[in-house]
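Okay, structure first, notes after.
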Amino acid sequence: MPSNLHVALFITCLGDQFFPHVGECAVNILRRLGVQVTFNPAQTCCGQPAFNTGYRKEARTVAARVLGLFDDVDYVVAPSGSCTAMVRVFYPELFEGDPELQRKAKELGARFFEFSEFLVKVLRVEDVGASFSHRVTYHDSCHLYRELHVEEEPRRLIRAVKGAELIEIQDHRLCCGFGGTFSVKFPEVSVAMGQDKLRAAAEAGAEYLVANDSGCLMHLAGLIHRQRSPLKTLHLAELLAKQE
1 MPSNLHVALF
11 ITCLGDQFFP
21 HVGECAVNIL
31 RRLGVQVTFN
41 PAQTCCGQPA
51 FNTGYRKEAR
61 TVAARVLGLF
71 DDVDYVVAPS
81 GSCTAMVRVF
91 YPELFEGDPE
101 LQRKAKELGA
111 RFFEFSEFLV
121 KVLRVEDVGA
131 SFSHRVTYHD
141 SCHLYRELHV
151 EEEPRRLIRA
161 VKGAELIEIQ
171 DHRLCCGFGG
181 TFSVKFPEVS
191 VAMGQDKLRA
201 AAEAGAEYLV
211 ANDSGCLMHL
221 AGLIHRQRSP
231 LKTLHLAELL
241 AKQE
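Residue 90 in the working numbering sits at position 90 of the sequence shown, and the numbers go up by one each step.
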């Protein structure tokens, strides 16, 4: 395992506002593995909401601010496939026509990793010492799976959790229906897609639904609450921090 790594945590907007515990869990796990973790309080949104809604100029303004915040670290780690995809995949596209900013975007993207991807691919760790004796299923969030092609890394980490049973659900690669502003613009479709996901998890006998993006989990947790379902949601970082 690499030593003396200096990593910056990139916390997402949803994480900052609604799921701070996810960031805390990610930091605790990284520090347990010997990584020096810092947090730059000057960071803001990655710009994805504006980008996805078509406001390219506003997205560039927000993204340009991010480019200069992490020059002093080896890696940047985000507990979100969505934000990671924005920086790594879409920042170079966003700064087409500005060679200097595009260069900086590509340089940052090469050091910017999603949490599970960083653990498995960079630290080369699968067993982080977690224990959780429950039946768990995993939801592949869209940006993590389709843009970053991260599929097996989270599953390796879950399988290494002592006592956890990983159950694959039918159509686990299908979108949960959140899709950022999609859920606002098309709520009926969004809810129907989320209900399909929860139905598959219930039919598989899962007790917990785990994902790497807080947006997916917020959407699904809301449906679970309204349906009064016994199913519970967990971010992968929360699961890996469990020691039961």
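Beta carbons are placed, not taken as given, at the ideal position from N, Cα and C, and that holds for glycine.
Excluding sequence positions up to five away, which residues of its chain have a Cβ less than 6 Å from the Cβ of residue i?
i: Q48; result: M86
i: F178; result: G215, C216, H219
i: K197; result: C176
i: R70; result: Reading off the sequence, residue 70 comes out as Phe, not Arg. Excluding residues within five positions, the ones whose Cβ falls inside 6 Å are A8, V76.
How would you label residue i, buried or exposed, when you count the other beta carbons within 10 angstroms and need 16 or more for buried?
i: S246; result: Nothing in the structure corresponds to residue 246, since the chain is present only between 1 and 244.
i: T12; result: buried
i: D213; result: buried
i: A206; result: buried
i: A50; result: buried
i: G194; result: buried
i: H225; result: exposed
i: V184; result: exposed
i: G15; result: buried
i: G81; result: buried
i: P154; result: buried
i: T61; result: exposed
i: V189; result: exposed
Do the CB positions of residue i and residue j come within less than 8 Å of each other?
i: F10; j: Q43; result: yes
i: H235; j: P79; result: yes
i: I169; j: A204; result: yes
i: L209; j: A130; result: no
i: E114; j: L148; result: yes
i: V136; j: A110; result: no
i: T181; j: T53; result: yes
i: C46; j: A26; result: no
i: Y75; j: V122; result: yes
i: V22; j: E238; result: yes
i: A192; j: S229; result: no
i: R32; j: V128; result: yes
i: Y138; j: L101; result: no
Considering residue i, what are the terminal residues of the alpha helix (DSSP H) in which it resides?
i: I167; result: Where I167 is concerned, there is no enclosing alpha helix (DSSP H), although the beta strand (DSSP E) it sits in stretches over 165-167.
i: Q36; result: Looking at the DSSP string, Q36 is not in any alpha helix (DSSP H); the run it does join, the beta strand (DSSP E), is 36-38.
i: V184; result: 182-185
What first and last residue would you give for the beta strand (DSSP E) that runs through residue i?
i: Y208; result: 208-211
i: K232; result: 232-235
Within a Cβ cutoff of 7 Å, which residues of the same chain sit near residue i, ignoring the five residues on either side of it in sequence?
i: D250; result: With the chain represented from 1 up to 244, any question about residue 250 goes unanswered, as that position is not in the structure.
i: F118; result: Y75, V77
i: A59; result: G47, A50, F51, L94
i: T84; result: A78, F112, F113, E114, L148
i: D98; result: none
So, for residue i: in the same chain, excluding its five sequence neighbours on each side, which residues have a beta-carbon less than 8 Å away from its beta-carbon?
i: Q36; result: N4, L5, H6, V7
i: A105; result: A63, L67, V87, Y91, P92, L94, F95
- Message: Just to confirm the assignment: which complete alpha helix (DSSP H) runs, minimum length 4, are found wholly within the region 100-163?
- Response: 152-159
- Task: Note down, one range per segment and in chain order, each alpha helix (DSSP H) of at least 4 residues found wholly within the region 15-59.
- Result: 20-32, 48-52
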